[in-house]
Amino acid sequence: QKGETVKIAHIDPLSGLMAPVGTNQLKSFQFFAEKFSGAKNPAGVKFEIVSFDNKLSPAESLNALKAAMDQGVRYIAQGNGSSVAGALIEAINKHNERNPGKEIIFLNYAAVDPDFTNSKCSYWHFRFDADTSMKIEAMTTFMKDDKDIKKVYLFNQNYSHGQQVAKYAKENLARKRPDVQIVGEDLHPLAQVRDFSPYIAKIKASGADTVITGNWGSDLALLVKAANEAGYTGKFYTYYTGVTGTPTALGQGGAGRVYQIAYNHYNMGGDMAKWMAEFKTKFNDDFYTGSVVTIFNGLSEAMAKAKSTDPVKVAAALEGLSYKNYNGEVEMRKTDHQLQQPLYMTVWQKADKKYPYSPENTGMTLAPVKEFPSYVSSTPTSCQMKRPG
Amino acid sequence: MLKIENLHAYYGKSHVLHGVNFEVGQGEIVALLGRNGSGRSTTAKAIMGLVDCQGTIDWNGQTIQGKKAYEVAHLGLGYVPENRDIFPKLTVHQNLQLGQKGGAKNARWTFDDMYTMFPRLKEREHTEAGVLSGGEQQMLTLCRTLMGDPDLIIIDEPTEGLAPKIVELVGQYLKELKNRGISVLLIEQKLTIAMNISDRALVMGHGSIVFEGTPAELRENTYIRKEWLEV
Amino acid sequence: MEFFIISMLNGLSYGLLLFMLSSGLTLIFSMMGVLNFAHASFYMIGAYFGFTLNQVIGFWPALVISPLLVGACGALFERISLRKVHPYGHVPELLVTFGLSYVVLELVQLIWGRTAVEFVPPELLRGSAFTLINHSVEGMRLVWGAAPAELCSAADAAIRVVCTPFPATRAFMMLIALLMLLSLWLLLTRTRIGLVIQAALTHPEMVESLGHNVPRVFMLVFGAGTGLAGLAGVIGGSTFVTEPAMAATVGSVIFVVVVVGGMGSLSGAFLASVLIGVIQTFAVAIDYSFLALAKDMGWALSAATQENTFAKLTVSQVAPILPYLFLVLILIFRPKGLLGTREG
Amino acid sequence: MSAVYKFKPYNVGRWVIWSLFALVLVCAPLVFTSNLSTTMLAQMGIAIIACLSYNMLLGQGGMLSFGHAVYTGLGSYMAMHALNAVSAGQLGIPVSLLPLVGGVAGMGFAVLLGYVTTRKSGTPFAMITMGVAELVFAMSLMFSEFFGGEAGVSGNRVAGQPFMGITFGPQVQIYYLIAIYTFVCVALMYAFTQTPLGRMLNAVRDNPERVEFIGYNTQRVRYFAFIIAGFFAGIAGGLGALNFEIVTAEVVGAGRSGAYLLFTFLGGATFFFGPILGAILMIIAFVLLSELTKAWLLYLGLVFLFMVMYAPGGIASLIMMNLRVAKFGKLRQIWTSYLGLGVTAIVMLAGAGAMIEMVYHLQLNSALGDSVKFMGVMLNAKSLDSWFGAAFVMLTGLGLFELARRQYSLEWGEIQTEIEKEIKRRETAV
Amino acid sequence: MSTYALELKDLRKNFGKTEIIRGVNLAVQPGERVAVIGPNGAGKSTLFNLISGRFGPTRGEILLNGQRIDHKKPYEINRMGLSRSFQITNIFPKLSVFENLRCALLWSMGYKYTFLKFLSGLKDANERAEQLMEMIRLEKKRDTLAMNLTYAEQRALEIGITIAGGSDVILLDEPTAGMSKSETSRFIHLIKEVTVGKTLLTVEHDMGVVFGLADKIAVVVYGEVIAFDTPEAVRANAKVQEAYLGSSVADSQAGGH
Ligand SMILES: Nc1ncnc2c1ncn2[C@@H]1O[C@H](COP(=O)(O)OP(=O)(O)OP(=O)(O)O)[C@@H](O)[C@H]1O
Ligand SMILES: Nc1ncnc2c1ncn2[C@@H]1O[C@H](COP(=O)(O)OP(=O)(O)OP(=O)(O)O)[C@@H](O)[C@H]1O
Ligand SMILES: CC(C)C[C@H](N)C(=O)O
Ligand SMILES: [Mg+2]
Ligand SMILES: [Mg+2]
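If you're matching them up, the sequences are chains A, B, C, D and E in order.
Take the first sequence: its letters are residues 1 to 389, numbered as in the numbering used here.
Take the second sequence: its letters are residues 390 to 620, numbered as in the numbering used here.
Take the third sequence: its letters are residues 621 to 964, numbered as in the numbering used here.
Take the fourth sequence: its letters are residues 965 to 1394, numbered as in the numbering used here.
Take the fifth sequence: its letters are residues 1395 to 1651, numbered as in the numbering used here.
See below:
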């Protein structure tokens, strides 16, 4: 397989509401495709990224999938939006079933719906992000030790991601901190609310000292902004503080009170620090989608192991593969194709010597406060994997 | 005052006026007669700069051909169109208000003048003009143009749709205008009124002037009347 | 009580924000009949101009200059594009602004990038306008500016003290909205511009013959409307986020305001904004659902119904879409809008 | 501007046109064989039905709807649920008839929602449809039982008994199913324009007041038309469900409704075949253009601006105007002008396009090197040469284009006068 | 007791506070031709609007062939056999002359809202439309769009649309407004011709037309019918002269164009 070119189709939004995130991730893929090509990976293959703009639409993504197939692409990478991921999984399942010999692998780098590795699990789907249940698992483990937390408010976007965050948070808190009271729960429409102060007033009135939110983009930034203005002093536990646009929108506000749970952070050190610096000089943008690196690591390991770039063989090799990643030893769990990896709790604060990396030149950073080894966040799966043949 | 020479006008590509020549003097009522479609309204529109035209239109020694309608209006020409064109959603009073020109000083006419002239309008002062009866609308357009204090008023079939009694009234008011020194270019269909009040009559046919003279002369000239006016 | 006051203030200020956003649209819509789909785009341009000027000449000059610039852009657009399309009727007018909104979005992204920019309000507006202190013993009190820390805490743990600051940006926003209302009201009642435009919509030639320069008036009105959007943009951009998506998120709700208020009615738009603001704010606070209703009524529900999302839907969840519900209901039962005088 | 031309329905001509249409539908996938083009063709068929049904409202009824996707979308959802029921063996209808389920659903919702929306016309109608669309969209995210939440509802179209070996698994099979539906629906919708209700719909558009005085209830006319449009919209939705095998909230979204509006108009709402062109362009723009260039939204916006400004009747009206010229045998007089216009326009657009692409490149991809490939030429986004070159090309193009345009409009005007004269002559000759 | 074709009983209409129609009583026999005259703003058009259902009356009754039609919708009234024209031309500008007429008669021929038949297949409707077109002398303009017709042609079409449905009560509001003398006389002929055997009400200011057309004249002044009689009697009526005709009538009659 040495010297072969592996084409990966990146299907994500490059226009519309989520374009900044999609564009950033496309750059990440391009950046690391170059970094990992050739002798730099154990399989010695050359990676090439073909990009498609899906406008965050499932239907458009299926078009992109068709276009990718026409170009002979056998690996699909996508991350933004569970609806898109769901559509791709279904389509790829059907395609692989109807077109043996032309199988396609789906590399999911950010769609966090637990269903994809449970009820809807698929042999051709591999998730390199941690799903919502895992993130909540880690988050609540962290909260377990914070005795200041007494009243929690669940505040989420009213779509599957937000609903799942709320659901898992409730379950986990009930298990780990039965004394904590859930004083309120709200689901608001996605990207529709411009003024969060009524919600903040409500949160304040409920007496909550902590808010758990899966919000992203302006829904997160405006929420924290409104909280600051209204003098709310509670903490926010979030998923996506570090994602494009949010750091700027948060600015200096919320220092010390906004936490993020993720499989990486801005101050990982080592190779990552070098890459991030290089990424920044090259693109004038921040690299935060660490799963891209995880994918290239895993893929090249698997290709080396399979001695082939044929998706059928690579999928078999990738299943259950353990390998070293920038965030430690990780394993692609065989039963459900969910990557088991460490998670980090970080907090929004001023950048300093120890944690110097400042996203979007805000002067702020996400400083790690705790690392959770893989086993902490590992959650059971109900997946009954159907393997071909 | 108004002098028109060799005026040609077009709607898109169709040539409607073929060299029209005439003059209107100070304080004169000139009737412009002719059959349907002979081009009288077009002449009025051409003067007001509302259709494409060539030729010369002189107003007090200044050429106004090619000027925009609002510029022409500001030079003191008033125009009452044939299809009334009242502003249906505005009240009677607002319609009159719009007749006033921006920065008008001591105009010859006030709202009260208008309301004494047509008491009917006073009664309907705050009603939407769109619901006025046909005749009331006709009165309104005339008044609205007067509010702009024109020196010459071009008035296109003012008696259309008016009760016989009101028609007489309009005739009287046009004379009154003349007495106040305003010239009138009266476009008419009804011979009777035009003959009664005008100083001079013009007859138009197929886009050019085919007769010019006093009403008395016109009355004599049966050929013109037969050929270019009524049967 | 304190919750009520703060919610009321929030509701009012949100309502005024809506008014601020839609006042320019009301002006254009009611006078010219143009459904300006690009209104929110002008709002966005205002925010970005404000952002750039803020860095160069400071916030206060930017507050004046960027609306003027936006207004000039609007007037220019009217001059070269809208004017051409006007004779074809309202649908093409709408579509041309639709097209414009795409172009503006792309241009903004080209110039300022695809992510949010950091547009901070000046020092003066960053703090609080006043603070509401609710002391469980001493009762409620109001302090101008930010309350000193000692007032907000009590030595005795049994005494509960809650401080609720009201942000200065919001107070400022409310002030500007009221000023807009006033100036528009003056413009509409003290000048004939409104009449000229309304008349010119149906009979442009006639209005010209009466001596009014119609095209110029159209251009000025469009410029003024977009200028107001620009002003809203500077304030909205610094209070909330300045990002390419900001136009899309306010895009349709401002139409709701104009329609609910009654097309052509400034006071209607004002009333509608405040109503929507207040109702929506209070709706957020109500966690009442059909399920709860059924329970209160003592109805027995099957387990399946209890899990039904529709039954579980709370008032607070539907709060953000209430404006649209409002819109539909108003148009059905009172098509003229709250204070409007005409349909369509 | 609005040169009106009535298409004389010679029966022979009609047969030829419809047969050609059928032939195109049959042959298209034989010519364009890749995965992408087959699915694009299928989507074009769907879009054609959707846009034509939209034009029943806009073009024929003068109803500006901002919420047509509600009916296509809800049709999709119902068809998808039906498909899943078929897969689960609970429902015994063949997959090929599922689009009709969508149609009936679309019709049902039109009966329900149309009752309130069609009571009004003009701007209130437009605004109600906008409100309804926003409400339905918001609900689609809230009621996950029916709408499947963010992930949507998916299904497998290979369900039930295969019929003569047709499983609808392969894309080509689904294409032909769509093609058949497209043909039948287009024919039916054309037929509708020739019926009493269809004609009254035009009358209601032109002068609703007078319609009331010749015995018709305008609300009723609008309502019935709305229901019929809802039916065809639902069929389009049902086909969409089969084609994608997944239905998500976007199918009822405002973006979809807006696209129907824009492209129907772009194609030309005043002619029956206009929306067909619009639909084809819609798919091309969304699927192909967006892959070709990052600046596609800018191009789309600009095309719109200019089309509305210079050809408010859409592409169809441009075609019809030239057909008229051709019919009077005058196309020969003007084709050199067209050539000039075309060539200079290409030069101008090439220059402008090069500059736009370079700007986008600087903005988005500058890290990937400075060179931009545009129309087979390598440009360097950071070198002045490229910029000057592009600007020079554009300006030359612009200048020449303006010259060509003057010449063209002169000739065009002359030809139109000649035609007018000719028509007058023929009229008097009768 | 014979039923009247049209009967108004103490009909009243207020717009806001002003009472525009102040208790009109009128009874028209089947087949009668009635001219309604009166000063501008007297309420003639309003009366037509009330009868045809454009507005609902404030008080009073309207009976068409003995049946109450007040507070019915315009289309319901039309279906019961009453049809009207408008003072300001009100046609379908973007449909051809033929289509204008065909639309106008579809309902009366029972095609209602059907969408299961082709228009071209409706032999009876098409034939009737062609006939109408000949009647109003527009057969040469068959496929011309209505908006491209001249004013007089549009007025003719207006009347064509009005009579198309075969209603037996016809209201015409200033049918000859804006026409020249020659056109007007041609038009009166036309009207007479197409309304043979029908009940006709016309509003007119042109006394030539009025006296040429009407069996009876109703004079409306200030929202009241002050006279309803034969032309001769009305002309002699001093009140009518005072309120409406003025001195010029004598003129125009004498002029006798
Ligand atoms: N907007 C227009 N476009 C094309 N032709 C027009 C237009 N208006 C008028 N015409 C034509 O120009 C000619 C002169 O029309 P004009 O209105 O000046 O006649 P007129 O003497 O005022 O007649 P009328 O008694 O009908 O008012 C007519 O043949 C008419 O058909
Ligand atoms: N919708 C309405 N609202 C208010 N006033 C109205 C309305 N419709 C008509 N009017 C008033 O009623 C009066 C009668 O109007 P109408 O149109 O019936 O007069 P008319 O007799 O037809 O006069 P004309 O001969 O001038 O056409 C007018 O003064 C008019 O202003
Ligand atoms: C990348 C994130 C901001 C989006 C997230 N993956 C989602 O579920 O929509
Ligand atoms: Mg005329
Ligand atoms: Mg009248």
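Heads up, the beta-carbon is just placed ideally off N, CA and C, and yes, glycines get one too.
inquiry  = Considering only heavy atoms of ligand 1 and the C-beta of each residue, which residues fall inside 5 Å, strictly closer?
reply    = Cβ-based neighbours of ligand 1 within the cut-off: B:Tyr400, B:Val405, B:Asn425, B:Gly426, B:Ser427, B:Gly428, B:Arg429, B:Ser430, B:Thr431.
query = Between Ile1445 (chain E) and ligand 2, is the CB less than 8 Å from at least one heavy atom?
reply = Because no heavy atom of ligand 2 lies under 8 Å away, the Cβ of Ile1445 (chain E) does not count as near it: no.
query = By a C-beta neighbour count over all protein chains shown, 10 Å radius and 16 as the cutoff for buried, is Ile576 (chain B) buried or exposed?
reply = With 16 or more other CB atoms across the displayed protein chains lying within 10 angstroms of its CB, Ile576 (chain B) is buried.
query = Whose C-beta lies closer than 8 Å to the C-beta of Val314 (chain A) among residues of the same chain, with five residues either side of it excluded?
reply = Counting only Cβ-Cβ distances below 8 Å, and skipping sequence neighbours, we find Ile105, Leu299, Ala302, Met303, Ala306, Ser308.
query = According to DSSP, which residues form a beta bridge with Lys238 (chain A)?
reply = Per the sequence shown, the amino acid found at residue 238 (chain A) is Thr instead of Lys. Beta-bridge pairing links Thr238 (chain A) to A:Gln260.
task = Classify Trp498 (chain B) as buried or exposed, calling it buried when 16 or more other Cβ atoms lie within 10 Å of its own Cβ.
result = It counts as buried.
request  = Pull out every residue of the stretch 213-229 of chain A whose Cβ sits closer than 9 Å to any Cβ of chain D, in chain order.
outcome  = So the list is empty, because no residue satisfies the distance condition.
query = For Lys554 (chain B), is the beta carbon positioned less than 8 Å from some heavy atom of ligand 5?
reply = No, since every heavy atom of ligand 5 falls outside the 8 Å radius drawn around the Cβ of Lys554 (chain B).
query = For His1583 (chain E), which option in E:Ala1550, E:Glu1533, E:Ile1463, E:His1599 has the closest C-alpha, if you only look at C-alpha atoms?
reply = When each option's Cα is compared against that of His1583 (chain E), the closest is E:Ala1550.
ask   = Among A:Ala91, A:Asn158, A:Ile76, which has the Cα closest to the Cα of His188 (chain A)?
value = Here the closest residue by C-alpha is A:Asn158.
query = Since Asp113 (chain A) and Ser61 (chain A) are thought to touch, with beta carbons under 8 Å apart, how far apart are those beta carbons, to the nearest angstrom?
reply = Asp113 (chain A) to Ser61 (chain A), Cβ: 15 Å. No contact.
ask   = Under 9 Å between C-beta atoms, does Tyr459 (chain B) make it to chain C?
value = So, interface residue.
Residues within the stretch 549-564 of chain B neighbouring chain E, beta-carbon criterion of under 8 Å = Hits within the stretch, in order: Glu549, Gly550, Leu551, Ala552, Pro553, Lys554, Ile555, Val556, Glu557.
ask   = Comparing alpha-carbon positions, which option in B:Lys567, B:Arg614, B:Ala458, B:Lys434 lies nearest Val405 (chain B)?
value = Minimum Cα distance to Val405 (chain B) is reached at B:Lys434.
key: Span separating the alpha-carbon of Met345 (chain A) from that of Asn63 (chain A)   = Distance between the alpha carbons of Met345 (chain A) and Asn63 (chain A): 38 Å.
inquiry  = Within 9 Å of any Cβ in chain A, is that where the Cβ of Asn999 (chain D) sits?
reply    = Yes - at least one Cβ of chain A is within 9 Å of the one on Asn999 (chain D).
request  = Identify the continuous alpha helix (DSSP H) that holds Phe1270 (chain D) and give its terminal residues.
outcome  = Start and end: 1260-1274.
Short CB-CB distance (under 9 Å) between Pro1433 (chain E) and chain B = Between Pro1433 (chain E) and chain B, the shortest Cβ-Cβ separation is below 9 Å.
task = Run the proximity test for Leu529 (chain B): is its beta-carbon closer than 8 Å to any non-hydrogen atom belonging to ligand 2?
result = False, no ligand heavy atom lies under 8 Å from that Cβ.
ask   = Nearest-angstrom Cα distance between Val873 (chain C) and Val1100 (chain D)?
value = In a straight line, the C-alpha of Val873 (chain C) is about 15 Å away from that of Val1100 (chain D).
request  = Compute the beta-carbon to beta-carbon distance between Leu690 (chain C) and Ala849 (chain C), rounded to the nearest angstrom, for a pair I have assumed lies under 8 Å.
outcome  = The sequence as given places Val at residue 690 (chain C); Leu does not occur at that position. That pair is a contact at about 7 Å.
query = Hey, which residues come within less than 7 Å of ligand 5, measuring from Cβ to any heavy atom, in chain order?
reply = The set, ordered by position in the chain, is B:Ser522, B:Gly523, E:Lys1438, E:Ser1439, E:Gln1481, E:Asp1567, E:Glu1568, E:Val1597.
query = When the Cβ atoms of the stretch 475-485 of chain B are set against those of the stretch 503-523 of chain B, are three or more pairs found closer than 8 Å?
reply = Yes: the two stretches touch, three or more of their Cβ pairs being nearer than 8 Å.
ask   = Any beta-carbon of chain D closer than 9 Å to the one on Glu726 (chain C)?
value = Closer than 9 Å: yes.
ask   = Rounded to a whole number of angstroms, what is the C-alpha to C-alpha distance between Ala605 (chain B) and His823 (chain C)?
value = So the two alpha carbons sit approximately 39 Å from each other.
query = So which residues on chain B does Ser1446 (chain E) lean against when the C-beta distance must stay under 9 Å?
reply = What Ser1446 (chain E) touches in chain B, judged by beta-carbon distance under 9 Å, is nothing: the nearest beta carbon there is about 16 Å away.
query = Between which two residues does the beta strand (DSSP E) containing Gly853 (chain C) stretch?
reply = From DSSP, Gly853 (chain C) is part of no beta strand (DSSP E) but of the alpha helix (DSSP H) over 834-859.
request  = Please find out if some non-hydrogen atom of ligand 2 comes closer than 8 Å to the beta-carbon of Pro1088 (chain D).
outcome  = No - ligand 2 has no heavy atom lying nearer than 8 Å to the Cβ of Pro1088 (chain D).
task = Using only the heavy atoms of ligand 2, determine whether one of them is closer than 8 Å to the beta carbon of Gly1435 (chain E).
result = For Gly1435 (chain E), the shortest C-beta to heavy atom distance toward ligand 2 is below 8 Å.
Euclidean distance between Cα positions of Ile1191 (chain D) and Met1246 (chain D) = The straight-line gap from Cα to Cα measures roughly 24 Å.
Neighbour-count burial assignment, Cys991 (chain D), 16 or more Cβ in a 10 Å radius = Answer is exposed; the Cβ neighbour count stays below 16.
ask   = What do you reckon, are the CB atoms on Pro835 (chain C) and Val728 (chain C) nearer than 9 Å?
value = No. Outside cutoff.
query = Taking all protein chains shown into account, do 16 or more other C-beta atoms lie within 10 angstroms of the C-beta of Met1527 (chain E), making it buried, or fewer, making it exposed?
reply = So Met1527 (chain E) counts as buried.
key: Closer than 8 Å: Leu551 (chain B) CB and nearest ligand 2 heavy atom   = Relative to ligand 2, the nearest heavy atom lies less than 8 Å away from the CB of Leu551 (chain B).
ask   = Quick one: what does DSSP say Pro178 (chain A) is sitting in, helix, strand or coil?
value = Of the three classes helix, strand and coil, the one that applies to Pro178 (chain A) here is coil, per DSSP.
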